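Student: Just so we're aligned: 342 in UniProt numbering is position 342 of the sequence shown, and the numbers increase by one with no gaps anywhere.
Glycine included, every Cβ here is placed at the ideal spot set by N, Cα and C.
All values derive from a computational prediction rather than experimental measurement.
Just passing along the structure, written as structure tokens.
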Amino acid sequence: MNKVAGIIRVDRKVLDIDKVLQMGMTFRWRKHGQIWHGVIGRNAVQLEQKNEGVAYSCVNGDSSDSGLNSELIRFFDLERKYEIPHDDENLTNAVGKYEGIRQLQLDPIETLYSFICSSNNHISRISSMMTFLGSKGDLLAQIKSDTDVEPNLFRYQAFPSIETLAQLTEQELRAANFGYRAKFIVKTSASILENGGNSWVETLKSEDYVVAVEKLMTLAGIGRKVADCIALYGLNKRESIPLDVHLIRLANRDYNLKEAEKGLTPTRYEGIVARLRETWGRDAGWVQTVLFYKELQLSKEKKKSPKSKREKNKPRTEKKEVKVEVKEEPVELQSEAQVSSRKGPVVTTRRRAAQKIKTECDEMPLKKAKEEEF
Numbered sequence: 001m002n003k004v005a006g007i008i009r010v011d012r013k014v015l016d017i018d019k020v021l022q023m024g025m026t027f028r029w030r031k032h033g034q035i036w037h038g039v040i041g042r043n044a045v046q047l048e049q050k051n052e053g054v055a056y057s058c059v060n061g062d063s064s065d066s067g068l069n070s071e072l073i074r075f076f077d078l079e080r081k082y083e084i085p086h087d088d089e090n091l092t093n094a095v096g097k098y099e100g101i102r103q104l105q106l107d108p109i110e111t112l113y114s115f116i117c118s119s120n121n122h123i124s125r126i127s128s129m130m131t132f133l134g135s136k137g138d139l140l141a142q143i144k145s146d147t148d149v150e151p152n153l154f155r156y157q158a159f160p161s162i163e164t165l166a167q168l169t170e171q172e173l174r175a176a177n178f179g180y181r182a183k184f185i186v187k188t189s190a191s192i193l194e195n196g197g198n199s200w201v202e203t204l205k206s207e208d209y210v211v212a213v214e215k216l217m218t219l220a221g222i223g224r225k226v227a228d229c230i231a232l233y234g235l236n237k238r239e240s241i242p243l244d245v246h247l248i249r250l251a252n253r254d255y256n257l258k259e260a261e262k263g264l265t266p267t268r269y270e271g272i273v274a275r276l277r278e279t280w281g282r283d284a285g286w287v288q289t290v291l292f293y294k295e296l297q298l299s300k301e302k303k304k305s306p307k308s309k310r311e312k313n314k315p316r317t318e319k320k321e322v323k324v325e326v327k328e329e330p331v332e333l334q335s336e337a338q339v340s341s342r343k344g345p346v347v348t349t350r351r352r353a354a355q356k357i358k359t360e361c362d363e364m365p366l367k368k369a370k371e372e373e374f
């Protein structure tokens, strides 16, 4: 088998693969040494950032040199020149500091399942879930790892078809640590299969943005934010802005948006993203990706910064171990009626306490790797 190899001559300021492959757009790429290993279509691909560009090779040799080169250019969205408002100093500084971020053009099926798994989750756990789903796909190639951490064979597997995914049971997925998302995977696979399988998801690429999002939201486990993530990274809808409390907080801080972080109804969601599209322009989805990466880095820098003398001298209090049973529940967009009901009767002290405990418990899975919070 001949090994296909070549290089994409692109500056790191335009494409930084270390940034884009581990920031939360795609979840099955792995880095060993200086080499990134992953799958694009049915190509088992190795990538390495070099001074002159990104070197690539196809381990299973299923693609021609020119074919893989073109596929990588599409994958990394290299034919598009992103546009930002010239008078946005905050955005200009962010783009200048965090260079090389591209809006990946991903397989829509894999992207759909990735972001169902992303609900109330962090990057490392999403990656684990997607590795499990990927293990059900066709084996394209395998090589021996050159690291002591993972000495066994490295397996490149195509993402499975809807027909294969539909055979997974909720019990099997829960055993693989999918939690409440297991039932969404099972229901969504059945729905897509009923609608026509992989081809139905592919047709969403040609649909209008609003129509595509509405169709995605008919599937189990897909609310508005998840639908926007799928639309942006899997369907190439560049106007899509996945909105959550973190983005609202950022917009309030950097753009004086003055929006409440809680009580996000469908009407408020659409109103906020409309304002952000007007502010950020036609590549608003990519702008959101850059600012998301910026927030990840600020969070990491904050954790690394030395504690102040006041914090160091603060007396330590003994922590009592509390055993709590955590019940995972999906976070969904609130309806207008749910928000209005808050104006009703006063909640009792006991109910307030119970709600506080539940809130703290629901947030516990996110505290494992806060800097990777999705």
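By DSSP, does M1 sit in helix, in strand, or in coil?
Tutor: Translated into positions along the sequence shown, residue 1 becomes position 1. In this prediction, M1 has a pLDDT of 43, which is less than 50 and means its spatial position is unreliable; nothing more can be read from the coordinates.
Student: Kindly indicate which three-state DSSP category W29 falls into: helix, strand or coil?
Tutor: Indexing the sequence shown from 1 puts residue 29 at position 29. W29: coil per DSSP, three-state reduction.
Student: Please report how far the alpha carbon of T349 lies from the alpha carbon of G263, in whole angstroms.
Tutor: Start at 1 with the first residue of the sequence shown, and residue 349 comes out as number 349. Start at 1 with the first residue of the sequence shown, and residue 263 comes out as number 263. Low confidence applies here, because T349 scores a pLDDT of 44, under 50, leaving its location unreliable; read the following figure in that light. Going by the C-alpha atoms only, they are around 22 Å apart.
Student: Select from R28, N121 and G6 the residue whose C-alpha is nearest the C-alpha of L68.
Tutor: Translated into the one-based positions of the sequence shown, residue 68 becomes position 68. Among R28, N121 and G6, the Cα nearest to that of L68 is on G6.
Student: Roughly how many angstroms lie between the CA atoms of G234 and V226, to the nearest whole one?
Tutor: Residue numbering aside, residue 234 sits at position 234 when the sequence shown is read from its first letter. Residue numbering aside, residue 226 sits at position 226 when the sequence shown is read from its first letter. A straight line joining the alpha-carbon of G234 with that of V226 spans about 11 Å.
Student: Would you mind giving the Cβ-Cβ distance between W286 and Y82, rounded to the nearest angstrom? I have them listed as a contact below 8 Å.
Tutor: As a working note, residue 286 is residue 286 in the sequence shown. As a working note, residue 82 is residue 82 in the sequence shown. Contact flag correct, Cβ pair sits at about 5 Å.
Student: According to the Cβ coordinates, are K31 and G100 closer than 8 Å?
Tutor: Here residue 31 refers to the residue found at position 31 of the sequence shown. Here residue 100 refers to the residue found at position 100 of the sequence shown. No, the Cβ-Cβ distance between K31 and G100 is not below 8 Å.
Student: Near A141, which residues of its chain fall below 6 Å by C-beta distance, leaving aside the five closest residues on each side in sequence?
Tutor: As a working mapping, residue 141 is identified with position 141 in the sequence shown. Within the same chain, A141 has close Cβ partners A44, V59, N60 and Y156.
Student: Tell me whether V59 sits in a helix, a strand or coil according to DSSP, three-state version.
Tutor: The residue labelled residue 59 in the question sits at position 59 within the sequence shown. The DSSP-derived three-state label of V59 is coil.
Student: Hey, A284 and E214: beta-carbon distance below 8 Å or not?
Tutor: The count along the sequence shown starts at 1 and reaches residue 284 at position 284. The count along the sequence shown starts at 1 and reaches residue 214 at position 214. At a Cβ-Cβ threshold of 8 Å, A284 and E214 do not count as neighbours.
Student: Determine the contact status of F178 and G221, defining contact as a CB-CB distance below 8 Å.
Tutor: For the purposes of this step, residue 178 is identified with residue 178 of the sequence shown, where counting begins at 1. For the purposes of this step, residue 221 is identified with residue 221 of the sequence shown, where counting begins at 1. No, these two residues do not count as a Cβ contact at 8 Å.
Student: Run through the segment 61-117 for me and flag every whole alpha helix (DSSP H) of 4 or more residues, listed as ranges in chain order.
Tutor: 65-75, 89-97 and 108-117
Student: Under 8 Å Cβ to Cβ from S189, same chain only, skipping five residues before and after it: list those, please.
Tutor: Counted from its first residue, the sequence shown places residue 189 at position 189. Answer for S189: I162, L165, A166 and L168, listed in chain order.
Student: Do L47 and V54 have their CB atoms nearer than 8 Å?
Tutor: Position 47 of the sequence shown, counting from 1, holds the residue named residue 47. Position 54 of the sequence shown, counting from 1, holds the residue named residue 54. Yes, these two residues count as a Cβ contact at 8 Å.
Student: In the DSSP output, which residue or residues are listed as bridge partners for N43?
Tutor: Within the sequence shown, residue 43 is the residue found at index 43, counting from 1. Note: N43 sits in a beta bridge opposite I40.
Student: Once DSSP output is grouped into helix, strand and coil, what is the label at Y180?
Tutor: Position 180 of the sequence shown, counted from the start, is the residue given in the question as residue 180. Looking at Y180 - three-state DSSP - the assignment turns out to be coil, as it is neither helix nor strand.
Student: Under the three-state reduction of DSSP, which class applies to A158: helix, strand or coil?
Tutor: Taking the sequence shown and counting its residues from 1, the one referred to as residue 158 is at position 158. Coil at A158, not helix or strand.
Student: Between which two residues does the beta strand (DSSP E) holding L204 run?
Tutor: On the sequence shown, position 204 is the one that residue 204 refers to. Unbroken run through L204: none, as it is neither H nor E.
Student: Near V290, what residues of its chain come up, given a Cβ to Cβ distance below 7 Å and the 5 sequence neighbours on each side ignored?
Tutor: For the purposes of this step, residue 290 is taken as the residue at position 290 of the sequence shown. Here the set comprises A94, V95, Y98 and I101.
Student: With the cut-off set at 8 Å, would you say R28 and M129 are in Cβ contact?
Tutor: Within the sequence shown, the letter at position 28 stands for residue 28. Within the sequence shown, the letter at position 129 stands for residue 129. It is not a contact, given that the beta carbons lie outside the stated cut-off.
Student: Indicate the three-state DSSP secondary structure (helix, strand or coil) for L140 in the structure shown.
Tutor: What you label residue 140 is simply residue 140 of the sequence shown in a count that begins at 1. Reduced to three states, the DSSP call for L140 is strand.
Student: Counting only the same chain and skipping the five closest in sequence on each side, list residues whose C-beta sits under 8 Å from that of N236.
Tutor: To locate residue 236, count along the sequence shown from 1; it is residue 236. Exclusion of the five residues before and after N236 leaves Q105 and K205 as the residues of its chain whose Cβ lies within less than 8 Å of its Cβ.
Student: So what's K50 in DSSP terms, helix, strand or just coil?
Tutor: Against the sequence shown, residue 50 aligns to sequence position 50. Looking at K50 - three-state DSSP - the assignment turns out to be strand.
Student: Would F75 and L15 be called neighbours here (beta carbons separated by less than 8 Å)?
Tutor: Within the sequence shown, numbered from 1, the residue matching residue 75 stands at position 75. Within the sequence shown, numbered from 1, the residue matching residue 15 stands at position 15. Cβ atoms of F75 and L15: not closer than 8 Å.
Student: In whole angstroms, give me the CA-to-CA distance for A182 and I126.
Tutor: Locating residue 182 in the sequence shown gives position 182, where the first residue counts as 1. Locating residue 126 in the sequence shown gives position 126, where the first residue counts as 1. Each residue's alpha carbon lies about 13 Å from the other.
Student: Given a threshold of 16 other Cβ atoms within 10 Å of its Cβ, counted over all protein chains shown, does A212 qualify as buried or as exposed?
Tutor: The residue given as residue 212 occupies position 212 in the sequence shown. With 16 or more other Cβ atoms within 10 Å, it is buried.
Student: Name the DSSP bridge partner or partners of G6?
Tutor: Here the question's residue 6 lines up with position 6 in the sequence shown. Answer by DSSP bridge pairing, in chain order: Y56.
Student: Skipping 5 residues on each side, what residues in its chain have a beta carbon closer than 6 Å to that of G41?
Tutor: Position 41 of the sequence shown holds residue 41. Contacts found: none.
Student: Just confirm the distance between the C-beta atoms of V186 and L112, as a whole number of angstroms; I'd bet it's less than 8 Å.
Tutor: For the purposes of this step, residue 186 is taken as the residue at position 186 of the sequence shown. For the purposes of this step, residue 112 is taken as the residue at position 112 of the sequence shown. The Cβ separation is near 14 Å, so there is no contact.
Student: Can you find the residues in the same chain that come closer than 8 Å, C-beta to C-beta, to residue 398, ignoring five residues on each side of it along the sequence?
Tutor: The structure shown does not extend to residue 398, since the chain spans only 1 to 374, so no value can be given for it.
Student: Under the three-state reduction of DSSP, which class applies to I241: helix, strand or coil?
Tutor: Translated into positions along the sequence shown, residue 241 becomes position 241. DSSP places I241 in coil when its eight states are reduced to three.
Student: For the alpha helix (DSSP H) containing G134, name the first residue and the last one.
Tutor: Counted from its first residue, the sequence shown places residue 134 at position 134. First-last of the alpha helix (DSSP H) with G134: I123 to G134.
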